[in-house]
Amino acid sequence: MTGFLGKRMLWSAGSLIGLVILVFFMARLTGSPADLYLPIDAPNEMREEFARLHGFDLPLWQQFANFLRDLLVFDFGDSLRQGRPAVDLVLEALPTTLLLAFWSIGIALMVAVITGALAAWRPNGIFDRIATLLSLIGASLPNFWVAIVGVLVFAVQLRWVPTSGTGTVVQWVLPVAVLAIRPCGLIVQVARSTMISVLSAPYVKTAEAKGVPRRAIIFVHALRNAMLPVITVAGDQAAGIINGAVIVETIFGFPGVGRLMIDSISYRDFAVIQAGVMITAIAIFLLNVLIDIAYALLDPRTRAA
Amino acid sequence: MMALTSTDMKGPAAMTLAAPEPGRLAPLLAMLWRDKFASCAALILLVTVFAALIGPAFLTEAATTMNLRARNAPPFEMARGLAYILGGDSLGRGILPRIIVATQNTMMIAASAVLSSLVIGTVLGLIAGYRGGWVGDVILRLTDILMSFPSLLLAMVVLYVFDPSIGNVIFVLALTRIPIYLRTTRAEVLEVRTRMFVTAALVAGAGPLRIILRHILPIIAPTLLTIATLDFAFVMLAEASLSFLGLGVQAPEVTWGVMVAEGRNYLANAWWLAFWPGLAITLVTMSLNLLSNWLRVVTDPVQRWRLERRMPSNG
Numbered sequence: 000m001t002g003f004l005g006k007r008m009l010w011s012a013g014s015l016i017g018l019v020i021l022v023f024f025m026a027r028l029t030g031s032p033a034d035l036y037l038p039i040d041a042p043n044e045m046r047e048e049f050a051r052l053h054g055f056d057l058p059l060w061q062q063f064a065n066f067l068r069d070l071l072v073f074d075f076g077d078s079l080r081q082g083r084p085a086v087d088l089v090l091e092a093l094p095t096t097l098l099l100a101f102w103s104i105g106i107a108l109m110v111a112v113i114t115g116a117l118a119a120w121r122p123n124g125i126f127d128r129i130a131t132l133l134s135l136i137g138a139s140l141p142n143f144w145v146a147i148v149g150v151l152v153f154a155v156q157l158r159w160v161p162t163s164g165t166g167t168v169v170q171w172v173l174p175v176a177v178l179a180i181r182p183c184g185l186i187v188q189v190a191r192s193t194m195i196s197v198l199s200a201p202y203v204k205t206a207e208a209k210g211v212p213r214r215a216i217i218f219v220h221a222l223r224n225a226m227l228p229v230i231t232v233a234g235d236q237a238a239g240i241i242n243g244a245v246i247v248e249t250i251f252g253f254p255g256v257g258r259l260m261i262d263s264i265s266y267r268d269f270a271v272i273q274a275g276v277m278i279t280a281i282a283i284f285l286l287n288v289l290i291d292i293a294y295a296l297l298d299p300r301t302r303a304a
Numbered sequence: 000m001m002a003l004t005s006t007d008m009k010g011p012a013a014m015t016l017a018a019p020e021p022g023r024l025a026p027l028l029a030m031l032w033r034d035k036f037a038s039c040a041a042l043i044l045l046v047t048v049f050a051a052l053i054g055p056a057f058l059t060e061a062a063t064t065m066n067l068r069a070r071n072a073p074p075f076e077m078a079r080g081l082a083y084i085l086g087g088d089s090l091g092r093g094i095l096p097r098i099i100v101a102t103q104n105t106m107m108i109a110a111s112a113v114l115s116s117l118v119i120g121t122v123l124g125l126i127a128g129y130r131g132g133w134v135g136d137v138i139l140r141l142t143d144i145l146m147s148f149p150s151l152l153l154a155m156v157v158l159y160v161f162d163p164s165i166g167n168v169i170f171v172l173a174l175t176r177i178p179i180y181l182r183t184t185r186a187e188v189l190e191v192r193t194r195m196f197v198t199a200a201l202v203a204g205a206g207p208l209r210i211i212l213r214h215i216l217p218i219i220a221p222t223l224l225t226i227a228t229l230d231f232a233f234v235m236l237a238e239a240s241l242s243f244l245g246l247g248v249q250a251p252e253v254t255w256g257v258m259v260a261e262g263r264n265y266l267a268n269a270w271w272l273a274f275w276p277g278l279a280i281t282l283v284t285m286s287l288n289l290l291s292n293w294l295r296v297v298t299d300p301v302q303r304w305r306l307e308r309r310m311p312s313n314g
């Protein structure tokens with residue numbers, strides 16, 4: 000398994016390098032920050048001073064070389080907008096986004112696995128049909144619309160929760176719920192279909208023949224084996240939230256990575272963009288390692304690889 | 000282009016798997032009729048395609064006339080006429096005609112993006128899968144990088160560099176979806192090309208182009224079309240998200256996403272501005288998902304009996 004992990008790490012390092020190069024040049028394509036940070040009628044000396052201060056006067060390849068050199072010690076430079084190290088800004092925003100991902104995927108997993116297992120109990124039964132329909136609906140609801148309707152109903156009309164902010168637990172209810180709906184719908188579908196195929200496996204027939212109750216077969220024998228595809232989908236969804244819960248973070252005023260990134264792009268804050276892409280990529284890589292470990296724990300066959 | 004959205008999608012997908020004779024279409028429609036949710040979904044999609052095709056021709060005037068006395072007019076009031084049945088927007092334009100007119104742009108953007116990513120992804124996937132070698136490796140590595148780049152971020156950066164015109168929005172959406180088709184095609188090609196009939200065709204002296212077009216593509220087409228149906232819903236959502244963040248299509252061009260974004264500022268006092276176009280998006284994506292789920296069951300020989308067996312007893 001360590002060999003497998005090592006190979007994966009090399010692999011990810013390769014695509015991380017590609018990513019870094021892409022981000023560096025693409026960010027610079029969006030235009031010069033000087034136009035944004037200085038007054039329109041700023042004299043040329045002022046522009047040159049600004050460029051010199053932030054190293055934008057150097058030739059592009061020199062800037063890139065400096066960037067790579069600083070990258071080795073994980074220094075992305077200071078944010079133009081806030082004058083603080085870019086890494087600090089991203090690391091401050093990261094917990095909010097990670098917590099959002101953790102709670103929404105965690106809740107979605109719990110609800111969806113139980114629903115999916117119960118739906119597979121009697122395929123095409125009444126519960127299965129309702130669950131399938133609801134999961135399809137859940138998987139196709141647009142985030143921003145659910146968020147808007149949620150704010151409208153629960154915050155504006157009923158006043159159960161505040162419209163935005165992150166201070167108290169209640170303020171997390173709505174964003175987490177909004178983020179959980181789509182993953183929940185998707186996971187129900189996957190859990191249901193894998194459960195149905197797992198339930199026709201020989202070891203389930205054996206358990207049935209031995210007289211193990213149906214409930215124990217589903218929740219003890221079959222569920223463990225149906226978890227692999229479920230974890231894959233859940234991991235994908237979690238990565239999606241870490242990468243871009245922009246909409247939910249914007250609507251609910253959450254200071255997460257997604258909002259930091261979109262603000263940084265519009266303010267041409269290159270250092271923060273680069274740090275943000277790098278750190279989220281690393282977070283997602285670590286998530287994938289966790290998923291691989293979960294695979295190995297659940298399925299002895301993958302341990303050999 | 001519009002035909003890609005819904006009804007025609009099930010034609011080729013179902014036909015390739017079922018027998019190709021035209022007589023199979025009638026039982027298929029009968030089966031569709033039996034599943035009430037799938038029928039509703041098909042109906043919604045038909046109406047949407049209809050609105051996209053003829054809506055702008057008839058309603059552009061109604062959708063652009065401003066009536067300042069109908070600014071943020073509440074919905075369900077007949078006094079202002081049918082155009083204001085869903086309320087008026089912040090400039091006093093009727094929401095219903097605006098939604099209908101916006102259908103064309105919304106559908107056109109999603110359809111173009113899905114079609115271009117489908118074609119480009121499939122061609123590259125066929126090359127990577129069939130030819131392999133260093134060309135295949137390069138294609139695959141580039142896809143990896145593209146996939147590890149957060150797609151929303153990619154879209155944001157590209158739309159900052161270039162102006163967010165309709166063409167660029169389509170380009171960005173297509174770019175982020177290419178990897179899905181590429182990887183699927185490649186994986187399927189790798190599997191299909193080892194099968195007996197491909198070997199037989201090779202022995203019979205068929206060239207690579209003939210093998211790909213006549214023997215491999217028909218086998219993987221249903222899978223790709225199913226993905227495309229689901230992707231259509233996904234791309235619609237992505238377009239709406241971009242518009243919502245102010246990075247999508249810009250006014251005076253209008254899509255459903257743009258309408259939701261415009262309405263967001265009036266949420267507290269005029270909820271209907273953002274609600275209705277959002278509902279339109281929701282209904283269409285939901286219908287696409289429902290219909291493609293139904294299609295999956297119909298085209299899957301293992302599950303198909305579930306729909307067929309019910310037929311005699313119910314009918």
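For the record, the sequence lines run as chains A and B. The numbers in numbering that gives the first Met the number 0 rise by one with no breaks, and the one at position 152 of the first sequence is 151. The numbers in numbering that gives the first Met the number 0 rise by one with no breaks, and the one at position 263 of the second sequence is 262. The C-beta atom is built at its ideal place from N, Cα and C for all residues, glycine as well. Computed from a prediction, not measured in an experiment: that's the story for all the values here.
{"Check": "Comparing the C-beta of Trp275 of chain B with each C-beta of chain A, is any distance below 8 Å?", "Outcome": "no"}
{"Check": "Are Glu187 of chain B and Ile219 of chain B close, meaning C-beta to C-beta below 8 Å?", "Outcome": "yes"}
{"Check": "Are the C-beta atoms of Pro141 of chain A and some chain D residue less than 8 Å apart?", "Outcome": "Annotation note: the requested chain D is absent from the structure, which comprises protein chains A and B."}
{"Check": "Around the C-beta of Thr167 of chain A, are 16 or more other C-beta atoms found within 10 angstroms, so that it is buried, or is it exposed?", "Outcome": "exposed"}
{"Check": "From A:Ala274, A:Val247, A:Arg267 and A:Val187, pick the residue whose C-alpha is nearest to that of Phe126 of chain A; which is it?", "Outcome": "A:Val187"}
{"Check": "Less than 8 Å between the C-beta atoms of Gly120 of chain B and Ile177 of chain B, yes or no?", "Outcome": "yes"}
{"Check": "Using a Cβ-Cβ cutoff of less than 7 Å, which residues in the same chain neighbour Leu296 of chain A once the five nearest sequence positions on both sides are dropped?", "Outcome": "none"}
{"Check": "What would DSSP say about Asp56 of chain A, mapped onto helix, strand or coil?", "Outcome": "coil"}
{"Check": "Quick check on Phe57 of chain B: buried or exposed, where buried means 16 or more other Cβ atoms within 10 Å of its Cβ?", "Outcome": "exposed"}
{"Check": "Residues of chain B with CB under 9 Å from Ile147 of chain A, in chain order?", "Outcome": "Val259, Gly262, Arg263, Leu266, Trp270, Ala273, Phe274 and Gly277"}
{"Check": "In three-state terms, what does DSSP make of Asp77 of chain A?", "Outcome": "strand"}
{"Check": "Is DSSP giving Gly93 of chain B helix, strand or coil here?", "Outcome": "strand"}
{"Check": "Check whether the Cβ of Ser240 of chain B lies closer than 8 Å to any Cβ atom in chain A.", "Outcome": "yes"}
{"Check": "Any beta carbon from chain A within less than 8 Å of Met30 of chain B's own beta carbon?", "Outcome": "no"}
{"Check": "Give the residues from the region 149 to 161 of chain A that approach chain B closer than 8 Å (Cβ to any Cβ), ordered along the chain.", "Outcome": "Val150, Leu151 and Val155"}
{"Check": "Give a yes or no on contact between the region 95 to 110 of chain A and the region 140 to 156 of chain A, applying the rule of three or more CB pairs nearer than 8 Å.", "Outcome": "no"}
{"Check": "I need the DSSP call for Gly87 of chain B, collapsed to helix, strand or coil.", "Outcome": "strand"}
{"Check": "Return the CA-CA distance between Arg263 of chain B and Ala274 of chain A, expressed in angstroms with no decimal places.", "Outcome": "31 Å"}
{"Check": "Since Met65 of chain B is in the alpha helix (DSSP H), which residue starts that stretch and which ends it?", "Outcome": "No alpha helix (DSSP H) contains Met65 of chain B, which DSSP labels as neither H nor E."}
{"Check": "Spatial neighbours of Pro161 of chain A within its chain, please: CB distance less than 6 Å, with the 5 preceding and 5 following residues excluded, ordered by chain position.", "Outcome": "Gln170"}
{"Check": "State the Cα-Cα distance for the pair Tyr180 of chain B and Val137 of chain B, rounded to the nearest angstrom.", "Outcome": "16 Å"}
{"Check": "Mapping DSSP to helix, strand and coil, what is Pro94 of chain A?", "Outcome": "helix"}
{"Check": "Is there a Cβ from chain B that is less than 8 Å from the Cβ of Ala304 of chain A?", "Outcome": "Because Ala304 of chain A sits at a pLDDT of 46, beneath the cut-off of 50, its placement in the model cannot be relied upon, and the point is left open."}
{"Check": "For chain A, find out if any of its Cβ atoms is closer than 8 Å to the Cβ of Phe243 of chain B; answer yes or no.", "Outcome": "yes"}
{"Check": "Are Met248 of chain B and Asn104 of chain B closer than 8 Å when you measure CB to CB?", "Outcome": "It is Val, not Met, that sits at residue 248 of chain B in the sequence shown. Against a cut-off of 8 Å, the Cβ pair of Asn104 of chain B and Val248 of chain B comes out as a contact."}
{"Check": "Measure the Cβ-Cβ separation of Pro174 of chain A and Val247 of chain A and say whether it is below 8 Å.", "Outcome": "yes"}
{"Check": "Got a sec: is the Cβ-Cβ distance from Tyr129 of chain B to anything in chain A below 8 Å?", "Outcome": "no"}
{"Check": "For Thr95 of chain A, I'd like the list of residues in its chain whose CB is within less than 7 Å of its CB, leaving aside the five on either flank, ordered along the chain.", "Outcome": "Thr165, Phe253, Pro254 and Gly255"}
{"Check": "Within a Cβ cutoff of 8 Å, which residues of the same chain sit near Val232 of chain A, ignoring the five residues on either side of it in sequence?", "Outcome": "Pro182, Leu185, Ile186 and Val189"}
{"Check": "Beta-carbon separation of Ala222 of chain B and Thr183 of chain B under 8 Å?", "Outcome": "Here residue 222 of chain B turns out to be Thr, not Ala, going by the sequence shown. For Thr222 of chain B and Thr183 of chain B, yes; Cβs fall inside 8 Å."}
{"Check": "Identify whether Pro217 of chain B lies in helix, strand or coil by the three-state DSSP scheme.", "Outcome": "helix"}
{"Check": "With 8 Å set as the bound, which would you pick, yes or no: does the beta-carbon of Asn66 of chain B sit closer than that to a beta-carbon of chain A?", "Outcome": "no"}
{"Check": "Mapping the DSSP letters down to three states, classify Pro55 of chain B as helix, strand or coil.", "Outcome": "helix"}
{"Check": "Helix, strand or coil for Pro84 of chain A? Go by DSSP, reduced to three states.", "Outcome": "strand"}
{"Check": "For Glu91 of chain A, count neighbouring Cβ atoms within 10 angstroms of its own Cβ and tell me buried if that reaches 16, exposed if not.", "Outcome": "exposed"}
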